[in-house]
Amino acid sequence: MRNIDDAVKSLQKAVQFRTISDTDMEQVNFKPYEEFLSHLKETYKEVYRRAEVTWINKYSPVFHLQGNKEDEPVLLLGHYDVVPVAEGTKEDWLSDPFGGEIRDGYLYGRGTLDDKNQVVSILEALENLLQEGYMPSRDFYLAFGFDEEVGGSLGAKEIAAYFREKDLRFFMVLDEGGAVMEDVLEGVTVPLALVGVAEKGSSMIKVTAKGEGGHSSMPPEYLVTEVLGKALLAIASQPMEARLTGAVEAMFQGMGPHMGWKGKLIGNIRTSFPLVRKTLEKTPALHALIRTTITPTVVRAGNAYNVIPQEASMILNARILPGDTTEDVLRHLKKIHEGLPVQYQYLVKEEASKVTDHEGEAFSLLKDLIHSVYGDAVILPYLMAGGTDSRKYEELSDNILRFSAVRMKNEDLKRVHGTDERISIENLERMITFYRNLFLHFS
1 MRNIDDAVKS LQKAVQFRTI SDTDMEQVNF KPYEEFLSHL KETYKEVYRR AEVTWINKYS
61 PVFHLQGNKE DEPVLLLGHY DVVPVAEGTK EDWLSDPFGG EIRDGYLYGR GTLDDKNQVV
121 SILEALENLL QEGYMPSRDF YLAFGFDEEV GGSLGAKEIA AYFREKDLRF FMVLDEGGAV
181 MEDVLEGVTV PLALVGVAEK GSSMIKVTAK GEGGHSSMPP EYLVTEVLGK ALLAIASQPM
241 EARLTGAVEA MFQGMGPHMG WKGKLIGNIR TSFPLVRKTL EKTPALHALI RTTITPTVVR
301 AGNAYNVIPQ EASMILNARI LPGDTTEDVL RHLKKIHEGL PVQYQYLVKE EASKVTDHEG
361 EAFSLLKDLI HSVYGDAVIL PYLMAGGTDS RKYEELSDNI LRFSAVRMKN EDLKRVHGTD
421 ERISIENLER MITFYRNLFL HFS
């Protein structure tokens, strides 16, 4: 039987494989990917022996553990690709980002929170249960992507296509997502387990202004840079309408009883929203929950100091609230840019995800499982501003939930994709227990 020390060693080794994905996956060195997958096969022998393993696009393993075929199966997701360490920041780390070093009860390294911890925890839990003679009461599928950080088009998208070919539908799909947060909002007196029931859409729009070029000593009537500047100012000063979605309203209502005097306003958010909206807008994480945001991320114009550019452009990242659409975003831009000679082009067009019922059977089950590990947590639905592989599986289940069974503080969120990413040994043990309890529920 494996213990927590074995699990720590497994995650330590997993971190050491530099499985860094890239927007151009043809440029990726896949040797670390192959070494990582070999590590899984060598470590989790009983899982590989008992489950049927199918390989999607060579690097995404799909495990199928058979149970009762009459019930819809459960799908557990994870990914093992990681983001790179930002240029010039390696020296800021306390230890090698790919070293897997342990310091003061924490395992440091890229992927310890996103998302090798999840892959290892799922396999650790299942390996031990299979050694104990575990038999699931319904089929389980485990699917691990290898390009989630760059969109999942080669991993999750193709895995979902494979499942569609097999005419599979899942009772529940569980992916990474929210966590047990200790200080998510000032005044909250209890840990909050935030379970993602939906994701905002993430679309990219190119806005271009074209005009006359020439020498900077003889500027024309209008400059494309001025046009783009006015377009930027309009985006900043005229955002899309702030509003409450069902999941966000339920989240605030659940927080209310645990916030002291402030809780009366938050708990009655539907009525108090006009009063608290400006306060919510001051906190970026909360602002993202109440509005479709449009953020300029790339701005380009000239390339010489004395030449007037003929073209200036910017790329906008629109994070779309459930209930809004990509067409709503375009209409809004055209309205606030009325009179400006700009053109629009969608580079990526992605709508918001479907919303899972936070009063349904799957959410209720997850609440029980979270309480089995984090008994003091208040469990709430949550809207994710970021994206996960789970959105690729929307056609395959009505119950897509996003939760990472770790306990965190706001300061820990900066470590995800940032400097000194780490997981406590205690958190790793809790994750394994969470997945063990999940498997045992279906036994």
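In terms of the UniProt record's numbering, the sequence shown opens at residue 1 and continues consecutively.
Where is the CB? At the ideal position from N, CA and C, for every residue including glycine.
Determine which residues share a DSSP beta bridge with P434 and list them. One detail in the question is off: residue 434 reads as Phe in this sequence, not Pro. Beta-bridge pairing links F434 to no other residue.
Under 7 Å Cβ to Cβ from K392, same chain only, skipping five residues before and after it: list those, please. G152, A156, K157, A160
In this structure, how does DSSP classify S390 when only helix, strand and coil are distinguished? helix
Given a threshold of 16 other Cβ atoms within 10 Å of its Cβ, counted over all protein chains shown, does F63 qualify as buried or as exposed? buried
Which residues in the same chain have their Cβ closer than 6 Å to the Cβ of G256, if we skip the five residues on either side of it in sequence? G263, I266, G267
Using 8 Å as the cut-off, can you tell me whether the segment 126 to 135 makes contact with the segment 47 to 60, which would need three or more C-beta pairs spanning the two stretches below that distance? yes
Would you say R300 touches the ligand GDP, meaning its beta carbon is less than 7 Å from a heavy atom? Ligands are entirely absent from the displayed structure, and the ligand GDP is therefore not among its contents.
What does the Cβ neighbour count give for R407, buried or exposed, with the cut at 16 atoms within 10 Å? buried
Among G418, T19, F30, whose alpha-carbon lies nearest the alpha-carbon of Y108? G418
Please confirm if S121 has its CB atom under 8 Å from at least one CB of chain C. No chain C is part of this structure, which consists of one protein chain only.
Alpha carbon of L333 to alpha carbon of G387, nearest angstrom: 23 Å
Residues that V27 bridges to, as DSSP identifies them: The amino acid occupying residue 27 in the given sequence is Gln; Val does not appear at that position. Paired residue(s): none; Q27 is not in a bridge.
Validate contact between the segment 277 to 292 and the segment 171 to 181 using beta carbons, cut 8 Å, 3 pairs: no
I need the straight-line Cα distance from V15 to Q238, nearest angstrom please. 44 Å
Span separating the alpha-carbon of Y59 from that of A198: 27 Å
What are the partner residues of E199, as DSSP defines its beta bridges? M384
Which runs of the alpha helix (DSSP H) fall wholly inside the UniProt domain "Peptidase M20 dimerisation" (197 to 339) and span at least 4 residues, in chain order? 224 to 237, 246 to 255, 263 to 267, 269 to 281, 284 to 287, 326 to 336
Note down, in chain order, each residue of its chain lying with its Cβ closer than 7 Å to the Cβ of R422, except the 5 sequence neighbours on either side. Y106, L107, Y108, T112, R415
Quick one: what's got a C-beta closer than 6 Å to S10's C-beta in the same chain, skipping five residues either side? T43, V120
Continuous alpha helix (DSSP H) stretch holding L123: start and end: 116 to 131
In the DSSP assignment, find the unbroken alpha helix (DSSP H) run with H371 in it and report its ends. 361 to 373
Using the beta-carbon count (16 or more within 10 Å), is G78 buried or exposed? buried
From which residue to which residue does the alpha helix (DSSP H) around L413 run? 410 to 413
With Q343 and E212 assumed to form a contact (beta carbons below 8 Å), what rounded beta-carbon distance in angstroms separates them? Not quite, the Cβ-Cβ distance comes to about 16 Å (not below 8 Å), so this is no contact.
Should N306 and S216 be called a contact, given that it needs their Cβ atoms to be closer than 8 Å? yes
May I ask which residues mark the beginning and end of the beta strand (DSSP E) holding F140? 140 to 145
Rounding to the nearest angstrom, what Cα-Cα distance links G145 and G196 in this structure? 19 Å
Beta-ladder partner(s) of A193, from DSSP: V180, I379
DSSP on Y48, reduced to helix/strand/coil? helix
Looking at the unbroken alpha helix (DSSP H) that takes in F163, where does it start and where does it end? 156 to 165
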